[in-house]
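These notes are about the structure you will find just below.
Residue numbers (the working numbering): 4 to 110.
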């Protein structure tokens with residue numbers, strides 16, 4: 004499995020990289036939504052608080068065999084609504100995302 008993470012927060016990038024390493028999974032960290040359409044993978048972990056991330060993630064996820072999991076501050080109702088409007092279905096609060104990260108990487 005090839006994992007892509009679209010995240011600018013260094014702490015979250017480090018946690019994702021560490022969890023992926025522990026699960027024996029390759030992860031590529033991207034910092035800009037524009038980079039997303041240039042990469043291949045099976046699972047996208049995306050920070051929905053990043054500008055343009057929801058739309059780019061929804062577009063990336065259209066290809067068969069790809070899964071998109073978004074995470075967002077539970078207080079950011081606008082980002083959640085925007086992600087749902089873009090077509091994303093799997094959206095988690097940041098705390099829940101970190102809790103489920105090992106499981107997501109094993110799936």
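Beta carbons are placed, not taken as given, at the ideal position from N, Cα and C, and that holds for glycine.
Handout entry: The alpha helix (DSSP H) enclosing residue 103, as first and last residue numbers
Key = Within the chain shown, residue 103 is the residue found at index 100, counting from 1. Start and end: 97–109.
Handout entry: residue 46: first and last residue of the uninterrupted alpha helix (DSSP H) it sits in
Key = Numbered from 1 along the chain shown, position 43 holds the residue referred to as residue 46. Residue 46 -> not in any alpha helix (DSSP H); beta strand (DSSP E) instead, spanning 46–50.
Problem - Bridge-paired residues (DSSP) for residue 31 - result: One-based indexing of the chain shown puts residue 31 at position 28. Bridge partners of residue 31: 7.
Problem - Assumed close pair residue 6, residue 30 - CB separation to whole angstroms, cut-off 8 angstroms - result: For the purposes of this step, residue 6 is taken as the residue at position 3 of the chain shown. For the purposes of this step, residue 30 is taken as the residue at position 27 of the chain shown. Residue 6 to residue 30, Cβ: 4 angstroms. Contact.
Handout entry: N-terminal and C-terminal residue of the beta strand (DSSP E) that residue 18 is part of
Key = Along the chain shown, one-based indexing puts residue 18 at 15. Per DSSP, residue 18 belongs to no beta strand (DSSP E); it is in the alpha helix (DSSP H), 13–26.
Handout entry: Beta carbon of residue 53 nearer than 8 angstroms to that of residue 36
Key = Numbered from 1 along the chain shown, position 50 holds the residue referred to as residue 53. Numbered from 1 along the chain shown, position 33 holds the residue referred to as residue 36. In this structure, residue 36 lies closer than 8 angstroms to residue 53 by Cβ.
Exercise for the section: Determine the direct distance from the alpha carbon of residue 23 to that of residue 103, and round the result to whole angstroms. Expected result: Numbered from 1 along the chain shown, position 100 holds the residue referred to as residue 103. Numbered from 1 along the chain shown, position 20 holds the residue referred to as residue 23. Using only the alpha carbons, I get a separation of about 12 angstroms.
Exercise for the section: Count the other C-beta atoms from every protein chain shown that fall within 10 angstroms of the C-beta of residue 107, then say buried if there are 16 or more, exposed otherwise. Expected result: Residue mapping note: residue 107 aligns to position 104 of the chain shown, counting from 1. Counting Cβ neighbours within 10 Å, residue 107 comes out buried, since at least 16 surround it.
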